[in-house]
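Mapping the sequence shown onto the numbering used here, position 387 (from 1) lands on 393, and the numbers just tick up by one. For each residue, glycine too, the CB sits at the ideal point set by N, CA and C. What follows is one structure encoded as structure tokens, with my remarks underneath.
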Amino acid sequence: MKQFYRYLNESLTSVLPISAIVLLLSISVASLHNGVLVQFLFGTILLILGMGFFTIGSGISMQPLGEGIGAQIGKSKRWVLPLFVSFLLGAIITIAEPDLQVLAEQVPTIPNMVLILCVAVGVGIFLVIATVRVRKAIPLSLLLLIFYGGVIGLAFFVPDTFIPTAFDSGGVTTGPITVPFIMALGAGMASVGKNKHSGEDSFGLVSLCSIGPILSVLILSICFKPEAETTQAVIAVTDNTKDAFAQFLYSLPHYCEEVMVAFVPIVLVFVIYQVIFRRFHRTQLIRIAVGLVYTYLGLVLFLTGANVGFMPAGRLLGAAIAGGAYKYLLIPVGMLMGYFVVSAEPAVHSLKRQVEEVTNGAISQKSIGNALSIGVAVSVGIAMLRILTGISILPFLIVGYAVSLIITFFVPHIYTGIAFDSGGVASGPMTTTFMLPFAVGACEVLGGNVMTDAFGIVAMIAMTPLITIQVLGLYGRIKQKKRIQRVQSELLLIEDDIIFYDEEVRA
Numbered sequence: 007m008k009q010f011y012r013y014l015n016e017s018l019t020s021v022l023p024i025s026a027i028v029l030l031l032s033i034s035v036a037s038l039h040n041g042v043l044v045q046f047l048f049g050t051i052l053l054i055l056g057m058g059f060f061t062i063g064s065g066i067s068m069q070p071l072g073e074g075i076g077a078q079i080g081k082s083k084r085w086v087l088p089l090f091v092s093f094l095l096g097a098i099i100t101i102a103e104p105d106l107q108v109l110a111e112q113v114p115t116i117p118n119m120v121l122i123l124c125v126a127v128g129v130g131i132f133l134v135i136a137t138v139r140v141r142k143a144i145p146l147s148l149l150l151l152i153f154y155g156g157v158i159g160l161a162f163f164v165p166d167t168f169i170p171t172a173f174d175s176g177g178v179t180t181g182p183i184t185v186p187f188i189m190a191l192g193a194g195m196a197s198v199g200k201n202k203h204s205g206e207d208s209f210g211l212v213s214l215c216s217i218g219p220i221l222s223v224l225i226l227s228i229c230f231k232p233e234a235e236t237t238q239a240v241i242a243v244t245d246n247t248k249d250a251f252a253q254f255l256y257s258l259p260h261y262c263e264e265v266m267v268a269f270v271p272i273v274l275v276f277v278i279y280q281v282i283f284r285r286f287h288r289t290q291l292i293r294i295a296v297g298l299v300y301t302y303l304g305l306v307l308f309l310t311g312a313n314v315g316f317m318p319a320g321r322l323l324g325a326a327i328a329g330g331a332y333k334y335l336l337i338p339v340g341m342l343m344g345y346f347v348v349s350a351e352p353a354v355h356s357l358k359r360q361v362e363e364v365t366n367g368a369i370s371q372k373s374i375g376n377a378l379s380i381g382v383a384v385s386v387g388i389a390m391l392r393i394l395t396g397i398s399i400l401p402f403l404i405v406g407y408a409v410s411l412i413i414t415f416f417v418p419h420i421y422t423g424i425a426f427d428s429g430g431v432a433s434g435p436m437t438t439t440f441m442l443p444f445a446v447g448a449c450e451v452l453g454g455n456v457m458t459d460a461f462g463i464v465a466m467i468a469m470t471p472l473i474t475i476q477v478l479g480l481y482g483r484i485k486q487k488k489r490i491q492r493v494q495s496e497l498l499l500i501e502d503d504i505i506f507y508d509e510e511v512r513a
């Protein structure tokens, strides 16, 4: 119970800042309808409770399950079965990811199931590549350089209206269900080797799995030749407190069903794994089962609060600021919200805890959180600038990924894995249900092209942390070198003193 209260307090401090910003905006530059504000407040409560349940649940269920399967894959001397299991797990977990449904609904020119299966295959293939990397100790930076080079090259042959959606898919598919499981899978595989690179190898799976959807959707867009048309989801706006509460009750069964569909494949994988390998004892099985219940409940509450409470507020805030006398306020307001909204992403807490555990506290949760917040703030600022000016997203992506890949040659390898994993982690359900509607609302009022100008904000949020976290690593390396130089200088002084003393004694 104490642990639950600790995580609840953690979620409270994560969600309250963005809630306070929205409330301040609603009484200053962007007045909100009373019903929308009530929905937002209800949604805030659900977000806090949901994140608390999800955090404790994923820690006692998804993490041991992922680590167990990862360790078994790492122990296997054969190649065919581990690679097949990796592909199957990647595809199943991706199909189960609720955020992928949001992406599919935004692309009416391609059937939903075709898009979902295509993305799932992309993730499955790249999870296989990630497994080979860990087993063969292939440098992550080399694979990132090759595959992102291929992604940027392929983007020149894709319709401009579809590039933002393709890059958004990389961030959307690494959501609250995928990230904790895949990160634990990587930790499990790396733990088998017990070598000096095991800490580094435990990261990188999420980053590689984020590339698969981008490549697969780019290829799919070339085959289907999609046009610029899109259909925007209808956002329910209520008039009073009673209707707002009724909206949550009406939506709750939908998200219960959606998350249940997502959980069924995971439970089946767990059952099959346990039947074959008998890894977990009875007490552990009960603990994991309780953890899955907590995770399910937390994700239902979180998604209901985010979709019903935060989505209307984000859409209307963006529209109100863009339609006001000071439309350029979109940039500083967007950056401020981006700075705080990333801390409300449930998977971010999983990443920060694993980083601190793997590095034995050398990389603190606070430093990772600050680097993520700065990165997301910059990315949202650029996204708002694009909405105001209509600048293409491709130059930003080319420069951003080029810089992030160049830095990989100058920072400790573990920071590269953490940085590229954090890109997928930062762009979760809060981005798709709050920041994306904020961008869409602003773009519609300004008369821009939603497909080219508003979409792409997820891609930007997934990209900038790659730079900020590696800069954190670069700063850490510089500090370490200065510390070593200072210690060496002190040792030389001590050595000179000893020599001088010896000479005096002999004299």
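Practice task
In angstroms with no decimal places, state the Cα-to-Cα distance between Gly482 and Arg492.
Solution key: When only Cα atoms are considered, Gly482 and Arg492 end up about 15 Å apart.
Practice task
Please name the residue in Gly194, Ile420, Gln494 whose C-alpha comes closest to that of Glu73.
Solution key: Of the candidates Gly194, Ile420, Gln494, the residue whose Cα lies closest to the Cα of Glu73 is Gly194.
Problem - Straight-line gap, Arg489 to Ile504 (C-alpha atoms, nearest Å) - result: A direct Cα-to-Cα measurement between Arg489 and Ile504 gives close to 23 Å.
Practice task
With 8 Å as the threshold, decide whether the Cβ of Ile504 is near any Cβ in chain D.
Solution key: The structure shown contains no chain D, having only a single protein chain.
Handout entry: Sequence-distant residues of its chain with Cβ nearer than 6 Å to Ile369 (five each side left out)
Key = Result list for Ile369: Val361, in chain order.
Handout entry: Reduced DSSP secondary structure (H/G/I, E/B, other) of Ile183
Key = Correct three-state label for Ile183: coil.
Handout entry: With 16 other Cβ atoms within 10 Å as the buried cut-off, status of Ala252
Key = Per the 10 Å Cβ criterion, exposed.
Exercise for the section: Could you check which residue in Leu274, Leu472, Leu391 has the C-alpha nearest to that of Leu452? Expected result: When C-alpha distances from Leu452 are compared across Leu274, Leu472, Leu391, the shortest belongs to Leu391.
Handout entry: Ala161, buried or exposed, once every other Cβ within 10 Å from all chains shown has been counted against 16
Key = Flag for Ala161 reads buried.
Problem - Selected residue, minimal CA-CA separation from Thr289, among Leu30, Ser67, Ile380 - result: Comparing Cα positions, the closest option is Ser67.
Handout entry: Cβ-based burial, Ile399 [other Cβ within 10 Å; buried from 16]
Key = With 16 or more other Cβ atoms inside 10 Å of its own Cβ, Ile399 counts as buried.
Exercise for the section: Select from Ser17, Phe59, Arg12, Leu30 the residue whose C-alpha is nearest the C-alpha of Gly297. Expected result: For Gly297, the nearest C-alpha among the options comes from Phe59.
Exercise for the section: Have a look at Val223, Cys215, Leu357, Ile424 and flag the residue whose alpha-carbon is nearest the alpha-carbon of Pro165. Expected result: Of the listed residues, the one whose Cα sits closest to Pro165 is Val223.
Exercise for the section: Return the residue from the list Pro418, Ala465, Lys248, Gly218 that minimises the CA-CA distance to Leu478. Expected result: Check the Cα spacing between Leu478 and each of Pro418, Ala465, Lys248, Gly218: the tightest is with Pro418.
Problem - Euclidean distance between Cα positions of Lys538 and Arg359 - result: Given that the chain is displayed from residue 7 to residue 513, the structure contains no residue 538 and the question cannot be resolved.
Practice task
Give a yes or no on whether the C-beta atoms belonging to Phe461 and Thr171 are separated by under 8 Å.
Solution key: Yes, these two residues count as a Cβ contact at 8 Å.
Exercise for the section: Pull up the distance between the alpha-carbon of Leu3 and that of Thr437, whole angstroms please. Expected result: Missing from the structure shown is residue 3; the chain here goes from 7 to 513 and no further.
Exercise for the section: Work out the CA separation of Leu480 and Leu52 for me, nearest whole Å. Expected result: Using only the alpha carbons, I get a separation of about 39 Å.
Exercise for the section: Within the same chain, show all residues whose beta-carbon is closer than 6 Å to that of His287, passing over the 5 residues directly before and after it, in chain order. Expected result: Counting only Cβ-Cβ distances below 6 Å, and skipping sequence neighbours, we find nothing.
Handout entry: Segment limits, alpha helix (DSSP H) that includes Gly72
Key = For Gly72, the enclosing alpha helix (DSSP H) begins and ends at 68-81.
Handout entry: Where Gly297 falls: helix, strand or coil (DSSP)
Key = Here Gly297 sits in helix by DSSP.
Problem - Phe283 to Pro338 span [Cα, whole Å] - result: Between Phe283 and Pro338, the C-alpha separation is close to 54 Å.
Exercise for the section: Could you tell me if Leu226 is buried or exposed, where buried requires 16 or more neighbouring beta carbons within 10 angstroms of its beta carbon? Expected result: Result: buried.
Exercise for the section: Return the CA-CA distance between Val277 and Leu71, expressed in angstroms with no decimal places. Expected result: If you draw a straight line from the Cα of Val277 to the Cα of Leu71, it comes to about 10 Å.
Problem - Own chain, CB closer than 6 Å to Ala326, minus 5 neighbours either side, in chain order - result: Apart from sequence neighbours up to five positions away, the residues of its chain that approach Ala326 with a beta-carbon distance below 6 Å are Ala36, ordered along the chain.
Problem - CB contact flag (Arg321, Phe444, <8 Å) - result: Cβ atoms of Arg321 and Phe444: closer than 8 Å.
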